[in-house]
Amino acid sequence: MHVIHCTRSGLVSILLAVLVLIGAVACVCSRPVEADRSGSLENLFFDFTGIRSSGTSAVLKGTFPEPTVTGINPAWAVNAGTVRITDLTGTGFRDGARVFLVGSTGMSTADSSAIIVEGQKVTVHSDIKITCEFELKGAPAGTYDVKVENEDGKYGELPGAFSVKDPIVQPGPAPASSVWYLAEGSTAWGFHTYISVENPNDEDVEIEVTYNTDRGLVPGGTFFLAPMSQGTLNPGETLGERDFSTTVTSTGGQPIAVDRTMEWGKDAGNLAVYIPEAHNSIGVTAPAAKWYLPEGSSARGFECWLLIQNPNDTEATCQVTYMIEGEGPVTVEKNIPANARRSYSMADDIGAKDASIKVDSNIPVIPERAMYRNNRNEGHGSIGTTTPANDYCLAEGAIGYGSNFTTYILIQNPNDIPNNVSVTFVTGGGEVAGPVVTMDPNSRKTIRVNDYLPPDTDVSTHVHGDFPVIAERAMYWDSQWGESCHDSIGQAQAHAAFYLPDGNATPWGDETWTLVLNPNDSDIEVEISYLTSEGTGNKTFTAAIPANSRRTFNMADQGIDGRASVLVTSRTAGKKIMCERSMYWDSRTAGTATTGGFSD
348 MHVIHCTRSG LVSILLAVLV LIGAVACVCS RPVEADRSGS LENLFFDFTG IRSSGTSAVL
408 KGTFPEPTVT GINPAWAVNA GTVRITDLTG TGFRDGARVF LVGSTGMSTA DSSAIIVEGQ
468 KVTVHSDIKI TCEFELKGAP AGTYDVKVEN EDGKYGELPG AFSVKDPIVQ PGPAPASSVW
528 YLAEGSTAWG FHTYISVENP NDEDVEIEVT YNTDRGLVPG GTFFLAPMSQ GTLNPGETLG
588 ERDFSTTVTS TGGQPIAVDR TMEWGKDAGN LAVYIPEAHN SIGVTAPAAK WYLPEGSSAR
648 GFECWLLIQN PNDTEATCQV TYMIEGEGPV TVEKNIPANA RRSYSMADDI GAKDASIKVD
708 SNIPVIPERA MYRNNRNEGH GSIGTTTPAN DYCLAEGAIG YGSNFTTYIL IQNPNDIPNN
768 VSVTFVTGGG EVAGPVVTMD PNSRKTIRVN DYLPPDTDVS THVHGDFPVI AERAMYWDSQ
828 WGESCHDSIG QAQAHAAFYL PDGNATPWGD ETWTLVLNPN DSDIEVEISY LTSEGTGNKT
888 FTAAIPANSR RTFNMADQGI DGRASVLVTS RTAGKKIMCE RSMYWDSRTA GTATTGGFSD
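Position in the sequence shown counted from 1, then plus 347, gives you our numbering.
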């Protein structure tokens with residue numbers, strides 16, 4: 348009796364009974380063979396082993412065709428982290444296949460000078476689909492071939508199918524980016540936190556969320572945002588009651604913008620009612636080893652907290668320097684475990700003082716600063732910046748009106764020498780000269796804007812130093828339940844477009860105001876778009892802004908009812924702008940303000 352075994356990839360052996368023996372040169376055999384898991388017979392290639400009754404054998408090796416690559420999605424990403432490939436298409440993919448990006452001077456893996464990025468977490472879903480991830484941090488920008496190589500060494504390539512781009516890196520608020528970090532966040536101690544994400548793209552965007560907690564990393568899941576829309580995340584659904592930091596990633600590398608809002612209840616005495624207060628800040632797009640935060644106080648009823656997010660796999664050691672108003676600087680050391688976040692009280696470190704903060708870390712981290720006053724009946728928070736500059740601008744500001752607005756400018760001099768600093772106020776009627784002060788080395792200065800302008804004035808502020816400085820703005824106002832406040836870091840540069848993730852307008856008192864500053868010596872035109880949660884019913888309009896002035900736009904004036912993010916673009920060639928967004932609700936009992944992401 349002669350028998351034949353056929354083996355697929357050396358793993359699957361099927362016994363085929365000989366039906367007909369034709370001389371010494373041929374045989375016919377049969378056995379039913381089922382299709383593979385993709386429903387296709389294309390991959391059913393086998394090695395055939397013939398075994399004579401005498402025990403001798405011969406092998407006829409089966410062959411597989413070369414794979415082909417026909418497409419990849421997403422087709423580009425920035426070199427700031429990991430990109431998830433959700434659909435790599437082609438033919439002839441086999442289990443154990445490897446995936447590569449091949450680029451730069453050589454467009455083949457045979458070229459030793461080629462830059463090669465190998466895919467991780469490769470899953471062959473079928474002979475026509477693969478998913479994987481590429482770690483692109485540090486990869487040179489440029490065009491790459493996409494290569495799939497099976498275990499037998501045969502491969503297919505799609506030339507120039509994937510692009511790696513450099514992220515925009517500038518001082519001040521973060522640009523629109525595919526990765527965002529938010530150091531502050533809590534769902535404990537009576538706090539509620541939500542995260543707003545803006546998708547300014549004409550395509551769906553997949554978002555992945557990760558939380559840094561005292562338990563380490565906690566996955567927050569993935570979701571999709573419709574084109575030109577806004578989404579809102581509720582971390583409490585995943586974390587329960589916990590302090591945390593957040594990382595939000597556009598898995599396909601598309602630019603997004605992200606901010607974070609924390610809300611809590613004011614003390615309503617014996618009344619069984621909930622009276623809200625909140626603070627908010629835009630995120631940052633990358634950790635850094637050095638940060639500056641101009642505002643901070645643990646005096647006059649304030650408590651001040653420094654929140655440091657460590658997204659690294661090793662412990663961070665930070666030197667925190669408090670630049671105290673009217674005194675010399677004080678430095679203390681903080682250690683933040685890997686993939687965790689820690690909170691530090693200013694009062695514990697320096698007592699009751701007004702102070703700016705500098706953070707120097709041995710590895711890149713992300714800090715934020717949160718302040719509360721009057722037993723947490725009010726509070727505000729903000730990111731810092733990585734780069735001092737000779738000029739800082741703050742688009743938002745108001746004096747008086749029915750709410751008795753009071754505006755403060757906080758200036759940080761991080762230099763080891765004195766610094767002459769001048770302040771100019773930009774109003775609807777033009778520029779107004781403010782104070783000129785000489786700041787001590789490594790110090791902070793507070794300017795009360797109400798001392799220099801008449802009541803009922805909207806104002807932006809320009810801060811100029813002989814040497815680089817950092818500026819921040821805090822606003823306080825009266826509400827029916829006591830004082831409320833909000834705050835924002837300043838901006839060192841104007842930009843062509845701004846992305847402001849959070850916004851809400853309702854008939855029962857939710858207000859969203861967009862403040863647009865024109866720092867140019869000529870009039871400009873801007874386009875403002877409100878992007879709804881579904882991406883439907885979006886509103887777009889244009890407006891003129893005179894030279895060296897600012898205008899304020901109310902979201903409700905465009906008929907928006909509900910949540911919407913804001914996109915502001917300068918339509919005047921070569922002329923850039925600065926923006927902030929302020930929100931109020933419950934008859935202005937609560938309010939927040941922040942800058943957004945940007946692009947040029």
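Built from N, CA and C at the ideal position, the CB exists for glycine as well. These figures come from a predicted structure and were not determined experimentally.
Item: What does a CB cutoff of less than 6 Å around SER826 pick up in its chain, not counting 5 residues either side in sequence?; Value: ARG935, THR936
Item: Given GLY587, which residues of its chain have a CB within under 6 Å of its CB, disregarding the five upstream and five downstream residues?; Value: none
Item: Where ILE907 and VAL783 are concerned, what is the direct C-alpha to C-alpha distance, given to the nearest angstrom?; Value: 43 Å
Item: Just the Cα atoms here: how many angstroms apart are ALA457 and PHE447?; Value: Because the pLDDT of ALA457 is 47, which lies under 50, any placement of that residue in the model is unreliable, and the question is left without a value.
Item: Just verifying my parser: in three-state terms, what is the DSSP assignment at GLU881?; Value: coil
Item: Under 8 Å by Cβ, that's how I've got ALA535 and ARG589 pegged, so tell me the actual separation to the nearest angstrom.; Value: 6 Å
Item: Can you give the Cα-Cα distance for GLY673 and PRO788, rounded to whole angstroms?; Value: 11 Å
Item: Might you give, ordered along the chain, the residues of its own chain that have their beta carbon closer than 7 Å to the beta carbon of GLY882, omitting 5 neighbours on each side?; Value: ALA573, PRO574, MET575, SER576
Item: Using CA atoms only, rank isn't needed, just tell me which of ILE419, ASP933, LEU847, PRO602 is closest to GLY829.; Value: ASP933
Item: Which class does LEU505 belong to by DSSP, given the choice of helix, strand or coil?; Value: strand
Item: I think VAL948 touches ILE756, with their Cβ atoms under 8 Å apart; what is that distance to the nearest whole Å?; Value: Because the chain in this structure spans residues 348 to 947, residue 948 falls outside the shown range and cannot be described.
Item: For ASN420, count neighbouring C-beta atoms within 10 Å of its own C-beta (all shown protein chains included) and say buried if the count is 16 or more, exposed if not.; Value: exposed
Item: With THR941 as the anchor, note down where its beta strand (DSSP E) starts and where it stops.; Value: 937–941
Item: What does the alpha-carbon distance come out to for the pair ARG928 and VAL449?; Value: 43 Å
Item: Determine the DSSP secondary structure at LEU448, reduced to helix, strand or coil.; Value: strand
Item: Consult DSSP for ILE697 and reduce its assignment to one of helix, strand or coil.; Value: helix
Item: Relative to the C-alpha of ALA903, which residue among THR879, HIS539, VAL706 is closest?; Value: THR879
Item: So what does DSSP say about GLU674, is it helix, strand or coil?; Value: coil
Item: Assuming ARG820 contacts SER835 under a Cβ cut-off of 8 Å, what Cβ separation, rounded to an integer in Å, is found between them?; Value: 6 Å
Item: When you compare the CB positions of LEU505 and VAL493, do they come within less than 7 Å of one another, or not?; Value: yes
Item: What residue ranges within the segment 906–937 form continuous beta strand (DSSP E) runs of no fewer than 3 residues, ordered along the chain?; Value: 909–917, 925–932
Item: Report yes if the CB atom of SER645 is closer than 7 Å to the CB atom of MET693, and no otherwise.; Value: yes
Item: Buried or exposed: which applies to ASP947, given that a residue is buried once 16 or more other Cβ atoms fall within 10 Å of its Cβ?; Value: exposed
Item: Starting from THR585 and walking both ways along the alpha helix (DSSP H), at which residues does that stretch end?; Value: 583–586
Item: Does DSSP classify ALA903 as helix, strand or coil?; Value: helix
Item: When DSSP labels each residue in this structure, what does ASN767 get in the three-state scheme?; Value: strand
Item: Considering only the beta carbon of each residue, do PRO602 and ALA508 sit closer than 7 Å?; Value: no
Item: Is it the case that the segment 528–547 contacts the segment 466–484, given that we only count it when at least three CB pairs across the two stretches are under 8 Å?; Value: no
Item: Cβ atoms of HIS842 and LYS922: under 7 Å apart, would you say?; Value: no
Item: Where do the ends of the beta strand (DSSP E) carrying TRP611 lie?; Value: 604–612
Item: Under the assumption that ALA636 contacts PRO711 (Cβ atoms under 8 Å), give the Cβ distance between them as a whole number of angstroms.; Value: 5 Å
Item: Take TYR846 as the anchor and find which of GLU680, ASN724, THR861 has the nearest alpha-carbon.; Value: THR861
Item: Determine the closest residue to LEU529 out of VAL469, ALA427, VAL595, THR585, with distance taken between C-alpha atoms.; Value: VAL595
Item: Report the residue ranges of all beta strand (DSSP E) runs contained in full by the segment 782–824; include only those spanning at least 3 residues, in chain order.; Value: 790–795
Item: Based on the DSSP secondary-structure assignment, which residues constitute the bridge partners of GLY777?; Value: THR774
Item: Contact between the segment 786–803 and the segment 747–767 is defined here as three or more beta-carbon pairs at a separation below 8 Å; is this criterion met?; Value: yes
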